[in-house]
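What follows is a single structure, written as structure tokens, with notes after it.
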Amino acid sequence: MSEITLRMLLLWSVLHLWAHTEASFCGASGVPFSVEILPTGSPVLGCAQPSCVAHPTNDFDDSIFNTDEFGQIDGFFRDGDKSERMYRHMNKHRANCSGVFDRLACTRKNQWVGGIEYIDHPRQPLLLQCCTFEGLRFSQIVGVTPIRPGETVTGGEVIRAGRQISFDVIANIRKIFYRVAQITKSYENATETLII
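All residue numbers for the sequence shown refer to the numbering used here, where the first residue is 39 and numbers rise by one.
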């Protein structure tokens, strides 16, 4: 192969990979509370803004959600969570997110999955953007749930006696491949409880 042919092939490969890359991000004021795996294997990240997390400064929303060529969005904010609230910043923490999708896992005690970059390729792992949050220092893992295409895991507020006592967040997610007759995708999700 000539050098020009190799360069064209490399350029085509990069453009092809870029065209099939999607990334969702809850933002520094968003908390991941659900993950849905579509029948295609694409993850959909559900984000919330619980009462224990500070709202964006100057109403700047840094969350990112994309729509693919079929009109499917890769993430969302829960209805009503972005409305104005009084005392938005009093004694509340904000997540510190890395800004890049460069992790295969968010495993530290004070981390959650702030965003997911999904590349539609059978052997490509999920790339995660991990966010640290001071409010997770007293959290505890409540479970690890395997989820398959067409399934959803949902956390959110935990209410006891009419009072919110905690918030279940998506702390980590990873893509797992099983070999049977062909490769099928499965995901494993770790849910962590934020004690309020």
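Think of the CB as a built atom: it goes at the ideal place given N, C-alpha and C, for glycine as much as any other residue.
Self-check item: L142 in three-state terms, based on DSSP
Solution: coil
Practice problem: Could you tell me how far apart the beta carbons of H131 and V69 are, in whole angstroms, since I believe they sit closer than 8 Å? | Solution: Incorrect: roughly 11 Å between the Cβ atoms, too far for contact.
Quiz item: With 16 other CB atoms within 10 Å as the buried threshold, where does A199 fall?
Solution: exposed
Quiz item: By DSSP, does R212 sit in helix, in strand, or in coil?
Solution: strand
Self-check item: Residues of its chain near P187, where Cβ-Cβ distance is below 6 Å and the 5 sequence neighbours each way are ignored
Solution: I75, P77 and G79
Practice problem: Note down, in chain order, each residue of its chain lying with its Cβ closer than 8 Å to the Cβ of Q87, except the 5 sequence neighbours on either side. | Solution: S67, G68, V69, H93, F115, R116, D119 and K120
Practice problem: Give me the Cα-Cα distance between F215 and V73, rounded to the nearest whole angstrom. | Solution: 18 Å
Exercise. Using alpha carbons as the reference points, say which of R161, D100 and C64 lies closest to M84.
Key: One detail in the question is off: residue 84 reads as Gly in this sequence, not Met. Among R161, D100 and C64, the Cα nearest to that of G84 belongs to C64.
Exercise. Taking T145 as the reference, give the member of F171, V191, H159 and I185 with the closest Cα.
Key: F171
Practice problem: Whole angstroms is fine: what's the gap from D158's alpha carbon to V207's? | Solution: 25 Å
Quiz prompt | For F139 and K147, the rounded distance between their alpha carbons | solution = 19 Å
Practice problem: Assign V182 to one of two classes, buried (16 or more other C-beta atoms within 10 Å of its C-beta) or exposed (fewer than that). | Solution: exposed
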